[in-house]
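So the sequence shown is numbered by this note's numbering: it starts at 5 and just counts up by one.
Cβ coordinates follow ideal geometry from the N, Cα and C atoms, glycine included.
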Amino acid sequence: MEPFSLDPETALKLIQMLLRWGAYFFAGFAVLGLCTYVVFLCFEIFASQSRAKVRIAKVPQPVSRVSAVEQAHDVVSAETPTPTDKAPVTAGEKLSPV
């Protein structure tokens, strides 16, 4: 039995053929991926336009209506003094880190 051998010209043509088939294969997947991307992009664009037409339901108002001033008065009392450690800084003084 004779060992399998190729002359250099036939081997070069075989390699070129395999590379060409590989290029066609990956180019096909690239085109398929690009088409899929365009389809999903169109879905996203047109779906967001149709959602804009949907009416938004009104939020029901609470039963007890309390003004914002009364709510803030409960949280922070106006009578609570704010502690001050030092006198206010004048224009000529520099603040030093403690």
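Per DSSP, what kind of secondary structure is Ala31 in: helix, strand or coil?
Residue 31 sits at position 27 when you count from the first residue of the sequence shown. Helix at Ala31.
Alpha carbon to alpha carbon, what distance is there between Met21 and Ala27?
Here residue 27 is taken as the residue at index 23 of the sequence shown, counted from 1. Here residue 21 is taken as the residue at index 17 of the sequence shown, counted from 1. So the two alpha carbons sit approximately 10 Å from each other.
Assign Val63 to one of three DSSP states: helix, strand, or coil.
Within the sequence shown, the letter at position 59 stands for residue 63. Of the three classes helix, strand and coil, the one that applies to Val63 here is coil, per DSSP.
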